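**Q** One line per chain: the protein sequences are A and B, in this order.
Every position in the first sequence, counted from 1, becomes a number in our numbering once 4 is added.
Every position in the second sequence, counted from 1, becomes a number in our numbering once 1490 is added.
This is the structure, below, for whatever I ask next.
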Amino acid sequence: MQISPKIHRFIVSHKPEHDHTSHTLLKASHKLGYESLSSITCHDLYFLQGNLTANDKSRIADKLLSDPVVQNWFSENEELISDQQLKKNTQQYLIEIALRPGVTDPVAEQIMRAAQEIGIKSLMQVATGQRFIIQSHNKLNEKELIQLANRLLMNPVIHYFALGKITPLFPEDATARHETEIIALRELNEQQLLSLSQQRRSALSLQEMLAIQYYYIKLNRDPTDVEFETIAQTWSEHCSHKTFKATINSQTEKQTINGLLKTYIRAATEKIAAPWVWSAFVDNAGIIEFDDEYQIAFKVETHNHPSAIEPFGGANTGLGGVIRDVLGVSAKPIAATDIFCFGLPDVDSEKLPEGVLHPARIRDGVVAGVQDYGNKTGIPTVNGAVYYDHGYTANPLVFCGCVGLIPKNQHPRDPQSGDRIILLGGRTGRDGLRGATFSSMTMDAQTGEVAGASVQIGNPLIAKGLIEVTVRARDAKMYHAITDCGAGGLSSAVGEMASTIGAEVNLDTVKLKYSGLAPWEIWLSEAQERMVLAVPENKLQELIHLCQIYDIELTDLGYFTHTKQLRVKYKQQLVLDLSNEFLFDGMPLKNLEADLSVELNNSYLGISKETNNKLPELLLKLLSHLNIASKEKIIRLYDHEVQGGTVIKPLTGAKNDGPADACVLKPQGTKGKKGIVLANGLNPEYGKYHAYRMAVSAIDEAIRNAVAVGADPSRIAILDNFCWGNPNDPKILGALVAACKGCHDAAIYFGTPFISGKDSLNNEYMAADGKRHAIPHTLLISALAIIDDITNAITLDFKNAGNEIYLIGANNKGTFLGSHFIKVGGYVSELGEVPQLAENNREIYRQLHHAINHKLIKSCHDISEGGLAVSLAEMCIAGRIGCEILLENKSIESQLFGEANGRFLVEITPENRAAFIACFADDLADEIQLIGKTNNRDSLTVKYKDAEIIHFSIDELLKAWQG
Amino acid sequence: MIKPKVLVLHANGTNRDAEVAYAFTLAGADPEIVHLQQLRLNEKSWHDYQILVIPGGFSYGDTLGAGKLLALDLQVYFADAVKKFIEQKKPVLGICNGFQVLVKAGLLPTPFQNNTQATLTFNAQGHFECRWVTLVAQSQKCLWTKGLVDPIDCPVAHGEGQFVLNNNELLSQLITQDQIALCYAKPDGQKADQIYPYNPNGSIGGIAGICNESGTVMGLMPHPEDHVVDYQFPRWTRGQKGRSGLFLFKNGVNYVK
């Protein structure tokens, strides 16, 4: 038997004055209730396997593992504290963690590469980990230490731990457990078909299983596991959007809907027929015209479940996936957006259901995941939102968007018979395969089992390389078609590309992260950072050279054919042979039942018993409400300046700390003054009462935000992202139908076509009552708009004292059902209704745009959560300029805090007053209302019936808003 | 007149190469983004360039410390070429990740010394931060900052930008030898020293950038290349004009002209 080379253990510690992690961890531990801890010291661990000499070891440690100015390193014999010492001093504990074998570990990869570079060839494998030395005033038992590890130091999904010194694990060099399996499907009865579907976690219905059976009976053979898994994947909700294609019947309304997507969403786009829409719902991303030279692509995706299990990795790969979607239309990514919905971050850990991560930890992990990927791929994260509701505690929502720029008509999408099928990027592992099953399995640290399957961790460095290669390959016309490897891996990517022609694939050539993968695992792996290209033979050498320069691995998987048949081989065996027709059109349509009786839920739980409103106090409460308060701490973690095109930034105003309604980009390299506007609309609170109005309000809000900074309302495209519960529940589906109708009606009304969308269904959580509940119906609308002249763009911060403040959309009366005023305990005698679309909004937006284009407006802010008072306070805060307003003799609550669509506050100089008023003539004359003036008094004053009812200094407002 | 050629070095993970190339174009030079692999394969040659820029980004994903692995590349593959470039007194500029590379490769503050004099480590705040800062020029020896009177407004975007020296003597040495190129300042141009957020990362002496003894090699954490046109300045919608970073690039270009 061969003795395996020694594993060398290295510990790297920061010198105390440069140790931030330890400090941060201690603070976090106290927050979690471990108040007896007096210190947590964190060190990095490296395990290097190979026959290394003492000289090799010190060279690696000095040159690679540590920074001599701020760090120290120790090898195994020079531990900072020995195990004996630990035992003697019972108040000191050691916890060590390491990544599970198979989990993407870019650090280990780079150590391997760099060791070669400095001439150390004997290094065989590397693993990394961390160790924590914990000091406590009180004794901690094993259970408490394990709990601390799980809550603060690691995530069992990707890490394993030891209370003491950890033994490193490497992926075992295993051979495949099995080759291809034949699934005897033809002789199964209905019951057996269903249990097969469950057993393989394919989520196929009986109807679908029967269709598959029928196909194989006709072929006179049984499917291979590769075929079965491919069909299951292609027909999955994720890949085929069954619910949005399903026939929906409503007993209540005696109505049949032939597909939500076709009837409402696409229908709106087709009816609007905007000439500037280049691609809607066809490609990986929607595409609109920018100028004579460029087009813009936009896509927004969700990554909810992965983010619930492993927040960092989930959000990381969520952004990674949408970046690849944009690369998949040959566009260069130029901006990212992120919208998150989390549970309340102050919830008691003890009250969380088993296995659910704390919302604060999910939030921090998700934000860090986006930060890591966005920053490292050099894409500015410029627009976003964070929304908190207890309904998202166990099921957070993570929306990641990406905008890309394409030279006009430079996105080829015609693979030719004979083109090589080229895979670019990262290696293939078990990443993402049946993730849900893996994460619930107990993983035994001793077995060395590859655990990477349960989660996807990204490697932004490879994504960056893919961007460089794709853009250059596009410009040099090296490919006939391109798509990304997302859900379904190669199966979806190659399958979709070959759907009109055919392909012959050889899986032997796929480069693997570790051995032992079965053919179906290779074919369906969701390993990140991979693109598939159709490359003509005569361009292949050029592409190989380009990939060599940018250090991107390239694999030739086979070639496209004209047989209309998808064929896959592994070790000379045909493991998949399916007709495109069956794979892509063979899925039976689903039939679903919806309850369309619109139900207004008036049993508002949050309603206050208090009948005497303390208005000033309520304003401060609103400003510090998590959904309204400053997001600066998150925004600054993202590089929103990279690429040099961020003209209106996510932080605005006199001190660069005010909010922005939308972002404006002027991509470097584009000519003229045209710019891109990005905005979003989201209001799950409305969805709790009225899904239709939530949808129209989300669209109104996205458009309103875009128009507020100067977007041309006739050049706005929108994207929908539905996150909903289980569509088999007629009430939940009924709300989805209502929301789709709302999307349709509002899109047509505003003339804003949908260009792309995505749905994530079956978002559920286990509540304290032990039952499963759907998350709040959530619809994110993302807006992509054009501004003809970026120099006309405006921000919301008050600019000067002595200007007039107008309310625009004055006929839209503020209302309270689902409003934030009620959420913070405000009392109203009547809840009113969920805001709806008002008749004049479209015209108001046009005229406001006209006024902005004529530079008549100094600042403009839309009115949304928290109503007029909150918007006014934000304008004062951002501009560090005070104001005084006088309200009408009507309901004060409604005027200050009511929510409605179609409203703005604008600042106008006295010289521009007449021209501004002239923009709102005739029917719109009473839509504008002078409410007050800006001043030099550094305070916000609200007068009502001749009395001063609110007066705060800007500092007081700022304190509440910034927390 | 022939425009000076600028080698904008691209390594895996570099991301502000296009912006710095744009800034050099505005400054009258002819920049070319070159992947270091192209230099290794001799497809491109160091001799053809008069200025070297190592731009911002996350070379090799900042693995094992920002800039460290690209610094290793410079030491292993390009030691002679870089040495020659510096000895010929050709201007060298490292921005953000590029500054980290120059320091960790031992090219700053004193070229060809070991790399234990100084480093750039995690911000005192403990996390990445993107915000606009103000810079004031100090060194009159540094060819990049020479004659720069007005402050510069530009963003920082880094997590490991705290400039640290191995001992305090080195600081006085840097001061005496006029090697402190740029300092963080308050908006009015007063030096920020340690005051956050004007000094965004806790760098010793409020140092934002340093140069070598001969003043030809400069590294800085902030991104002057992200403020070369008016509409990049955050408060332009308030009618304010920011102080552009273009001067630095023009200085470099004029030096070789």
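Using N, Cα and C, we set each Cβ at its ideal position, and we do this for glycine too.
Just so it is clear, the structure is predicted and the values come from calculations on it, not from any experiment.
Find out if the Cβ-Cβ distance for the pair residue 783 of chain A, residue 726 of chain A is shorter than 8 Å.
**A** Yes.
**Q** What alpha helix (DSSP H) runs, 4 residues minimum, are completely inside the segment 196-269 of chain A?
**A** Runs found: 210-223, 229-238, 241-244, 246-249.
**Q** For residue 1608 of chain B, return the contacting residues in chain A, with the cut-off set at a CB-CB distance below 7 Å.
**A** 73
**Q** How is the beta strand (DSSP E) around residue 888 of chain A delimited, first residue to last?
**A** 886-891
**Q** Check each candidate in B:1692, B:1641, B:1587, B:1561 and name the one with the smallest Cα separation from residue 1738 of chain B.
**A** B:1641
**Q** Go ahead and label residue 883 of chain A buried or exposed: buried means 16 or more other beta carbons lie within 10 angstroms of its beta carbon, across all protein chains shown.
**A** buried
**Q** Under 8 Å, do residue 1504 of chain B and residue 1549 of chain B count as touching if we go by C-beta distance?
**A** yes
**Q** In chain A, which residues lie less than 8 Å from residue 1550 of chain B when you measure between Cβ atoms?
**A** 114, 465
**Q** Pick from A:477, A:720, A:737: whose alpha carbon is nearest that of residue 758 of chain A?
**A** Across the set A:477, A:720, A:737, the C-alpha of A:720 shows the shortest separation from the C-alpha of residue 758 of chain A.
**Q** Could you run through the segment 102-130 of chain A and flag, in chain order, every residue whose CB is less than 9 Å away from some CB of chain B?
**A** Listed in sequence order: 110, 111, 113, 114, 115, 117, 118, 121, 122, 123.
**Q** Any beta-carbon of chain B closer than 8 Å to the one on residue 444 of chain A?
**A** Note that residue 444 of chain A scores a pLDDT of 30, beneath 50, so its modelled location is shaky; the value from the coordinates is reported in the next line. Not one beta carbon of chain B lies nearer than 8 Å to the beta carbon of residue 444 of chain A.
**Q** Have a look at residue 353 of chain A and residue 347 of chain A and give me their C-alpha separation to the nearest angstrom.
**A** 12 Å
**Q** For residue 1586 of chain B, return the contacting residues in chain A, with the cut-off set at a CB-CB distance below 9 Å.
**A** Going along chain A, no residue has its Cβ under 9 Å from residue 1586 of chain B, so there is no contact; the nearest lies around 10 Å.
**Q** Which residue spans inside the segment 363-393 of chain A form an unbroken beta strand (DSSP E) run of at least 3?
**A** Here the runs fully enclosed are 385-392.
**Q** What residues in the segment 615-646 of chain A have a beta carbon less than 7 Å from any beta carbon of chain B?
**A** If the cut-off is 7 Å between Cβ atoms, the segment 615-646 of chain A has 640, 641, 642, 643, 644, 645, 646 near chain B.
**Q** Run through the DSSP bridge pairs and tell me what residue 535 of chain A is partnered with.
**A** DSSP lists A:428, A:488 as the beta-bridge partner residues of residue 535 of chain A.
**Q** For residue 380 of chain A versus residue 464 of chain A, is the C-beta distance shorter than 8 Å?
**A** yes
**Q** Going by the CB atoms, is the gap between residue 210 of chain A and residue 200 of chain A shorter than 8 Å?
**A** no
**Q** Cα separation between residue 484 of chain A and residue 497 of chain A?
**A** 14 Å
**Q** What residues from chain A crowd round residue 1566 of chain B, counting only those whose CB sits closer than 8 Å?
**A** 121, 122
**Q** State the CB to CB distance for the pair residue 134 of chain A and residue 49 of chain A, rounded to an integer number of angstroms; the pair is presumed to be in contact (CB under 8 Å).
**A** 6 Å
**Q** At 9 Å on the CB atoms, spell out the chain A contacts of residue 1695 of chain B, in chain order.
**A** Per Cβ cutoff of 9 Å: no residues; residue 1695 of chain B is ~16 Å from chain A at best.
**Q** Could you run through the segment 1632-1650 of chain B and flag, in chain order, every residue whose CB is less than 7 Å away from some CB of chain A?
**A** Of all residues in the segment 1632-1650 of chain B, 1645, 1647 have a Cβ within less than 7 Å of some Cβ in chain A.
**Q** If we call anything under 8 Å between Cβ atoms a contact, is residue 500 of chain A one with residue 562 of chain A?
**A** no
**Q** With a cut-off of 8 Å, does the C-beta of residue 948 of chain A fall near any C-beta of chain B?
**A** no
**Q** Answer with buried or exposed for residue 1711 of chain B, where buried requires no fewer than 16 other C-beta atoms within 10 angstroms of its C-beta.
**A** buried
**Q** Of all Cβ atoms in chain B, is any one closer than 8 Å to the Cβ of residue 845 of chain A?
**A** It does not; no Cβ of chain B falls within 8 Å.
**Q** Would the segment 815-834 of chain A count as touching the segment 909-925 of chain A if we require 3 or more Cβ pairs under 8 Å?
**A** no
**Q** Just to confirm, are residue 285 of chain A and residue 760 of chain A a CB contact at a threshold of 8 Å?
**A** yes
**Q** Kindly give me the distance between the Cβ atoms of residue 653 of chain A and residue 644 of chain A, rounded to whole angstroms, as I take these residues to be in contact under 8 Å.
**A** Indeed, because the Cβ distance is near 6 Å, the residues count as touching under 8 Å.
**Q** For residue 114 of chain A, does the three-state DSSP call read helix, strand or coil?
**A** helix
**Q** Indicate the three-state DSSP secondary structure (helix, strand or coil) for residue 904 of chain A in the structure shown.
**A** Correct three-state label for residue 904 of chain A: coil.
**Q** Taking only runs of the beta strand (DSSP E) that begin and end inside the segment 1571-1597 of chain B, which ones reach a length of at least 3 residues, in chain order?
**A** As far as the segment 1571-1597 of chain B is concerned, its whole beta strand (DSSP E) runs of at least 3 residues are 1582-1585.
**Q** Starting from the Cα of residue 325 of chain A, find the closest Cα among A:344, A:338, A:303, A:312 and give me that residue.
**A** Nearest C-alpha to residue 325 of chain A among A:344, A:338, A:303, A:312: A:303.
**Q** With a cut-off of 8 Å on the beta carbons, I'd call residue 542 of chain A and residue 704 of chain A a contact; round off their distance for me.
**A** Their Cβ separation, rounded to whole angstroms, is 52 Å, which puts residue 542 of chain A and residue 704 of chain A out of contact at 8 Å.
**Q** Using a C-beta cutoff of 8 Å, does residue 1517 of chain B count as contacting chain C?
**A** The chain labelled as chain C is not found among the protein chains of the depicted structure, namely A and B.
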